[in-house]
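Working notes, structure below.
So, in structure tokens, the structure goes:
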């Protein structure tokens, strides 16, 4: 199967052979199953507090002739809490059991429950291939509600991946014939049901999906266009290609994305490239801010250390033989000098 390659202005550049993934027969049951698996895996577990309704100090004996017992009082044998007492008379109120005020629930939702679905790898890949082939069926795409141009389906040149600005991407889509589609996805409607109260007031329609080899720049450009979604080929899944489990979303693949698919991505026996684990850089510890007292103590220690090093650094005097000093001649007095 061959498809024409268009430039960003809508001019024909040539033809490309589509890989085998687009020749898969459409299986709506598999697509629906894969989409439900993705939605269930996204679901967050919830549950009641384990000790909810069990925190009452319920003390009631079930033995005959026992103090604080319920037998022989003509009352039902449910757990009770004591509000007041006088001797052997008690004012009891039912607690702990389901159906009592402040009691626990009979079978509350458990947070331990696993909501995710398991799906076989080959089954998941087959569903993706099936959804990919559905995007190339123009009748199925139009039946889904998309307003696509007469040239659809087609492959776009790789220059689309370098688009940075939103206005440039809007210009490219209008030149390719998606003006009516952009108008359709721009309108919103109010959601029916309780979702209005849960920060999901408005519902937006799904527009075209752009599949590229590197979506870093283009994703930023398409961020502010309602309905338009951008993804890497490696990150494709059934929910993107068939939102809600309905196959036939308007999808534009780039030439680079098709080249990646030709390596055997999503095929039955695809092994994939070994991923290199990036080593995380160790975070530097923040420097400790010294307090005034600590700084003062540190300075005192430094001074003592320097003084001790100076005293130890003096050379000790070597033991030498002391020379005998000659006795100094006594000074003669004036009387002795005259003699």
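In the working numbering, the protein residues as written are 17 to 355. Note that beta-carbon positions come from the ideal geometry of N, C-alpha and C, so glycine has one too.
ask   = Since residue 158 is in the alpha helix (DSSP H), which residue starts that stretch and which ends it?
value = 154-159
>> In this structure, how does DSSP classify residue 253 when only helix, strand and coil are distinguished?
In response: coil
* To do: Determine the extent of the beta strand (DSSP E) in which residue 218 is found, giving its start and end residues.
  => 218-220
CA nearest to the CA of residue 32, picked from 243, 260, 277 and 246: 277
Discussion item. For residue 146, tell me which candidate among 41, 281 and 300 has the shortest Cα-Cα distance.
Written reply: 41
query: Any idea what DSSP makes of residue 164, helix, strand or coil?
result: coil
Point to revise | Endpoints, alpha helix (DSSP H) assigned at residue 58 | key: 44-58
Range covered by the beta strand (DSSP E) that runs through residue 226:
225-228
Excluding the five sequence neighbours on either side, which residues of its own chain have a C-beta within less than 7 Å of the C-beta of residue 119, listed in chain order?
69, 111, 112 and 113
Name the residue from 318, 66, 163 and 58 whose alpha carbon lies nearest to the alpha carbon of residue 189. 163
Per-residue burial, residue 108 [other beta carbons within 10 Å of its own, 16 or more giving buried]
buried
For residue 281, list the residues DSSP reports as bridge partners. Looking at the DSSP assignment, residue 281 forms no beta bridge with any residue, so it has no partner.
Report task. Could you tell me whether the region 212-220 touches the region 257-277, where touching means 3 or more Cβ pairs closer than 8 Å? Result -> no
* Measure the beta-carbon distance from residue 246 to residue 274 and round it to whole angstroms, keeping in mind my assumption that it falls under 8 Å. => Not really, about 16 Å apart at Cβ, beyond 8 Å.
Among all the DSSP beta bridges, which residues are the ones paired with residue 215? Beta-bridge pairing links residue 215 to no other residue.
**Message:** For residue 174 and residue 52, I'd like the C-alpha separation in whole angstroms.
**Reply:** 33 Å
Does the region 240-257 come into contact with the region 137-153, if we say contact requires no fewer than three beta-carbon pairs (one atom in each stretch) closer than 8 Å? yes
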